[in-house]
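Colleague: First to last, the sequence lines map onto chains A and B.
Heads up: the first sequence at position 77 corresponds to 76 in numbering that gives the first Met the number 0, and the numbers run straight through without jumps.
Heads up: the second sequence at position 114 corresponds to 113 in numbering that gives the first Met the number 0, and the numbers run straight through without jumps.
Here a beta-carbon is modelled for each residue, glycine too, at the ideal position from N, C-alpha and C.
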Amino acid sequence: MKARIFVTLKPGVLDPQGKAIHHALDGLGFRGVEDVRAGKLIELDLADGTSDADIEEMCRKLLANTVIENFRIEKLAAALRQGSGQA
Amino acid sequence: MKSAVLVFPGSNCDRDLAVAIEAVTGRAPAMVWHRESELPEGTGLIAIPGGFSYGDYLRSGAMAARSPIMRAVADAAGKGVPVLGVCNGFQVLTEAGLLPGALMRNAGLHFVCRPVGLKVENSQSIFTSSYSAGEEISIPVAHHDGNYQADTETLDRLEGEGRVAFRYTGEVNGSARNIAGIINPQGNVLGMMPHPERALEPAHGNTDGRRLFEGLLEAVA
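1) Measuring alpha carbon to alpha carbon, tell me which residue in A:ARG3, A:GLU68, A:ILE72 and A:LEU75 is nearest ALA37 (chain A).
2) Could you spell out where the beta strand (DSSP E) holding THR7 (chain A) opens and where it closes?
3) From PRO64 (chain B) to SER52 (chain B), what distance separates their C-alpha atoms?
4) What residues of chain B sit near GLY13 (chain A), judged by a beta carbon separation below 8 Å?
5) With three or more C-beta pairs closer than 8 Å as the rule, is the stretch 202-213 of chain B touching the stretch 26-41 of chain B?
6) Grab the span of the alpha helix (DSSP H) containing GLU94 (chain B) for me, first residue to last.
7) For LEU216 (chain B), which of helix, strand or coil comes out of DSSP?
8) Find the nearest neighbour of TYR167 (chain B) within the set B:LEU57, B:VAL115 and B:GLY84, judged by alpha-carbon distance.
9) Under 9 Å between C-beta atoms, does GLY84 (chain A) make it to chain B?
10) Since I believe LEU216 (chain B) is in contact with THR24 (chain B) (beta carbons under 8 Å), could you give me their beta-carbon distance rounded to a whole number of angstroms?
11) In three-state terms, what does DSSP make of HIS21 (chain A)?
12) Hey, out of B:ALA141, B:ILE125 and B:LEU16, whose CA is closest to GLY161 (chain B)'s CA?
13) From the DSSP secondary-structure annotation, give me the bridge partner or partners of ALA46 (chain B).
14) Using a Cβ-Cβ cutoff of less than 6 Å, which residues in the same chain neighbour PHE212 (chain B) once the five nearest sequence positions on both sides are dropped?
15) Determine, using beta carbons only, whether LEU92 (chain B) and GLY190 (chain B) come nearer to each other than 9 Å.
16) Could you work out which residues of chain A lie near GLU94 (chain B), taking near to mean beta carbons separated by less than 8 Å?
17) Using a Cβ-Cβ cut-off of 9 Å, state whether ALA19 (chain A) counts as contacting chain B.
18) Report yes if the CB atom of LEU62 (chain A) is closer than 9 Å to the CB atom of GLN148 (chain B), and no otherwise.
19) Out of B:ASN187, B:PRO193 and B:ALA3, which one is the CA nearest neighbour of ALA76 (chain B)?
20) The beta strand (DSSP E) with MET192 (chain B) in it runs from where to where?
21) Pick helix, strand or coil for CYS12 (chain B), following the three-state DSSP scheme.
22) Determine, using beta carbons only, whether ILE67 (chain A) comes closer than 9 Å to chain B.
23) Report all residues from its chain with a CB closer than 7 Å to the CB of ALA179 (chain B); omit the five preceding and five following residues, and keep chain order.
24) Using the three-state DSSP reduction, which class does ARG30 (chain A) fall into: helix, strand or coil?
25) Whose C-alpha, out of A:PHE70, A:VAL35, A:GLY28 and A:GLU33, is nearest the C-alpha of GLU56 (chain A)?
26) Any beta carbon of chain A sitting closer than 9 Å to that of GLY88 (chain B)?
27) Determine which residues of the stretch 40-73 of chain B have a Cβ less than 8 Å from any Cβ of chain A, and write them out in chain order.
28) With C-beta atoms as the reference, is THR42 (chain B) less than 9 Å away from SER10 (chain B)?
29) Please determine, among B:LEU5, B:HIS109, B:THR151 and B:SER122, the residue with the shortest C-alpha to C-alpha distance to VAL140 (chain B).
30) Could you tell me the distance, in whole angstroms, from the CA atom of ALA86 (chain A) to the CA atom of ARG30 (chain A)?
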């Protein structure tokens with residue numbers, strides 16, 4: 000079983016990396032980018048039967064710092080696990 | 000006084016901190032590797048050094064905060080043993096939950112490495128007893144992730160309880176309310192971004208940092 004953990008800064012928390020990316024996009028001439036927020040994607044390869052509660056605890060204890068970050072857990076279906084190239 | 004300096008893979012101020020502690024206490028601290036699960040018997044001061052523990056993987060201080068030795072540090076802190084975290088050490092203490100808030104990427108994106116002015120906000124703590132309240136001192140910073148953030152309620156509590164130890168006198172890294180160092184509610188854990196061990200000898204430019212160690216020694220000896 001695979002799970003993807005998306006870790007993002009909470010709304011309102013200043014994201015200097017997002018700002019730098021935004022600035023670089025502007026520099027490349029891309030117009031219409033109103034805001035950029037950078038986050039992390041962490042993929043977990045898990046033993047079958049790993050509970051949702053365990054995954055959530057992993058997020059709370061280590062993967063995200065809940066002082067400043069939110070996390071979202073996405074469990075991948077078996078078909079995707081075979082590497083269809085789609086997400 | 001018996002002291003310990005923690006060493007993580009990627010720590011790079013551990014020896015400077017040890018030199019500072021030895022210069023003031025006259026006794027070399029034990030250097031304690033992160034895989035240890037216990038501190039030496041009778042450790043009366045724990046120092047967590049600056050650097051880039053675990054290459055700053057995941058978040059600065061995140062991995063170090065979950066290393067085996069940190070359980071012993073949390074136990075000792077709970078029993079009142081003084082804990083000083085400098086720079087990456089401050090990041091480790093927030094990640095370990097021993098201090099509130101988080102240290103984020105500097106608002107200006109640049110690594111900041113220069114002496115900064117600090118206002119001593121609280122001169123009553125064991126760490127700041129050699130300074131006067133309101134005194135301005137100069138201590139070097141060297142960090143990329145020193146932007147201290149916490150929710151408004153936490154910031155108000157820190158201020159209300161006199162737990163802001165040091166405040167930058169000018170803009171340095173975007174920290175909320177210019178906070179440079181904070182203390183836990185029990186008063187025995189200090190985290191600060193500036194490096195007092197880098198202002199120890201006249202050759203360093205000034206000795207404002209030395210006073211922190213001297214005051215600490217006097218307070219706990």
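Modeller: If we stick to the structure as given:
1) A:GLU68
2) 1-8
3) Checking the displayed sequence, the identity of residue 64 (chain B) turns out to be Ala instead of Pro. Near 10 Å, if we compare the C-alpha coordinates of SER52 (chain B) and ALA64 (chain B).
4) The amino acid occupying residue 13 (chain A) in the given sequence is Leu; Gly does not appear at that position. By Cβ distance, chain B contributes MET103, ALA106, ASN146, GLN148 and GLY173.
5) no
6) 87-94
7) helix
8) B:VAL115
9) In this prediction, GLY84 (chain A) scores a pLDDT of 45, lower than 50, which makes its location untrustworthy; the coordinate-derived value is nonetheless stated afterwards. Closer than 9 Å: no.
10) 6 Å
11) helix
12) B:ILE125
13) B:VAL4 and B:LEU83
14) ALA19 and VAL23
15) yes
16) ASN64
17) yes
18) no
19) B:ASN187
20) Careful: MET192 (chain B) lies outside any beta strand (DSSP E) and carries neither H nor E.
21) coil
22) yes
23) LEU117, PHE165, ARG166, TYR167, MET191, MET192 and PRO193
24) coil
25) A:PHE70
26) no
27) LEU57, ARG58, ALA61 and ARG65
28) no
29) B:HIS109
30) Because the pLDDT of ALA86 (chain A) is 44, which lies under 50, any placement of that residue in the model is unreliable, and the question is left without a value.
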